[in-house]
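Chemist: The sequence shown begins at 148 in the numbering used here and counts up by one.
Mind having a look at this structure? Questions to follow.
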Amino acid sequence: MLNIIEKSFCFSFMVKFFSFFSDSFNKSVFKNFLIRLKAVFKTCETYKVIKNYFDKSPYFFNSVLYRGIKFIGRRTSKAADKLNGFIVKVYNGSFIEKIVSFYKSEDTPDKFTAVGLFFMVVSLSYLIFSIIFGVNYEYRIFISWGLFFLGILTVSAGKNIDLVKRSFMYRIVKYIVELVKM
148 MLNIIEKSFC
158 FSFMVKFFSF
168 FSDSFNKSVF
178 KNFLIRLKAV
188 FKTCETYKVI
198 KNYFDKSPYF
208 FNSVLYRGIK
218 FIGRRTSKAA
228 DKLNGFIVKV
238 YNGSFIEKIV
248 SFYKSEDTPD
258 KFTAVGLFFM
268 VVSLSYLIFS
278 IIFGVNYEYR
288 IFISWGLFFL
298 GILTVSAGKN
308 IDLVKRSFMY
318 RIVKYIVELV
328 KM
């Protein structure tokens, strides 16, 4: 495949075009002018001022606060790595891993149905526990009904997945997800 591209007219034309201009620039008077201008600029006072005041490391690298944050960052990074290793060891072979792997192997409509049923169970349990504990029942009933309605919509979307994939909102969400993945 690469051999075909190298022998093509467009590729050979582009190579010849760029090599012509690069050779021309290397032999040009303009390149010599730029080299001399650079040498003159390095001897002038403006270059010295720029070099002395702008070409140095920031002052905050030497501050106590920066060194303290850097020290704490190194320590928390090591602790986070150890915590991550522990979580991975606990997760491997656990019941949650088995559920996730089983869920990954399911078809898309079954996944939507499972998520919808999860929303419905959460909404009903949320409503029941708010009644049992008597905590602001008037406000929590709206949340419960909202989650239950979201569960019904998700189950319905799972049953009619072809219609969902043709919808405008699905294409917008898919486009946004693809942009984020870049």
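Note that beta-carbon positions come from the ideal geometry of N, C-alpha and C, so glycine has one too.
All of these numbers come straight from a predicted model, not from anything done at the bench.
Which one of 292, 172 and 262 has the shortest CA to CA distance from residue 270?
Modeler: The count along the sequence shown starts at 1 and reaches residue 270 at position 123. The shortest Cα separation from residue 270 among 292, 172 and 262 belongs to 292.
Chemist: Could you give the DSSP three-state label for residue 385: helix, strand or coil?
Modeler: It is not possible to answer for residue 385, since the shown part of the chain is limited to 148 through 329.
Chemist: The alpha helix (DSSP H) spanning residue 257 covers which residue range?
Modeler: Start at 1 with the first residue of the sequence shown, and residue 257 comes out as number 110. Note, residue 257: alpha helix (DSSP H), 255-280.
Chemist: In this structure, does DSSP put residue 191 in helix, strand or coil?
Modeler: For this step, residue 191 is matched to residue 44 along the sequence shown. In this structure, residue 191 counts as coil in the three-state DSSP scheme.
Chemist: Buried or exposed, going by whether 16 or more other CB atoms sit within 10 Å of the CB of residue 263?
Modeler: Mapped onto the sequence shown, residue 263 falls at position 116. Buried: at least 16 other Cβ atoms inside 10 Å.
Chemist: Kindly list the residues whose CB is nearer than 6 Å to the CB of residue 256, restricted to its own chain and excluding five residues on each side of it in sequence; keep chain order.
Modeler: Translated into positions along the sequence shown, residue 256 becomes position 109. Taken in chain order, the residues that qualify are 305 and 308.
Chemist: CA-CA distance, residue 241 and residue 223?
Modeler: Stepping through the sequence shown from its first residue, residue 241 is reached at position 94. Stepping through the sequence shown from its first residue, residue 223 is reached at position 76. Rounded to the nearest angstrom, the two C-alpha atoms are 27 Å apart.
Chemist: What whole-angstrom Cβ distance do residue 273 and residue 290 have, given they're in contact under 8 Å?
Modeler: Within the sequence shown, the letter at position 126 stands for residue 273. Within the sequence shown, the letter at position 143 stands for residue 290. Confirmed, Cβ separation roughly 7 Å.
Chemist: Would residue 266 pass as a contact of residue 297 if the rule is Cβ separation under 7 Å?
Modeler: Here residue 266 refers to the residue found at position 119 of the sequence shown. Here residue 297 refers to the residue found at position 150 of the sequence shown. Yes; because the gap between Cβ atoms is below 7 Å, this pair is in contact.
Chemist: Please state whether DSSP places residue 357 in a helix, a strand or coil.
Modeler: As shown, the chain starts at 148 and ends at 329. That puts residue 357 outside it, with no answer to give.
Chemist: Is it buried or exposed for residue 301, if we count other Cβ within 10 angstroms and need 16 for buried?
Modeler: Residue 301 sits at position 154 when you count from the first residue of the sequence shown. Under this definition residue 301 is a buried residue.
Chemist: In or out: residue 208 buried (at least 16 other Cβ within 10 Å) or exposed?
Modeler: In the sequence shown, counting from the first residue as 1, residue 208 sits at position 61. That one is exposed.
Chemist: Use the C-beta contact count for residue 164: other C-beta atoms within 10 angstroms, 16 or more gives buried, fewer gives exposed.
Modeler: For the purposes of this step, residue 164 is taken as the residue at position 17 of the sequence shown. Residue 164 comes out exposed.
Chemist: Can you name, in chain order, every residue of its own chain whose Cβ lies under 8 Å from the Cβ of residue 294, other than the five neighbours on each side?
Modeler: Position 147 of the sequence shown, counting from 1, holds the residue named residue 294. Cβ within range, chain order: 266, 267, 269, 270 and 273.
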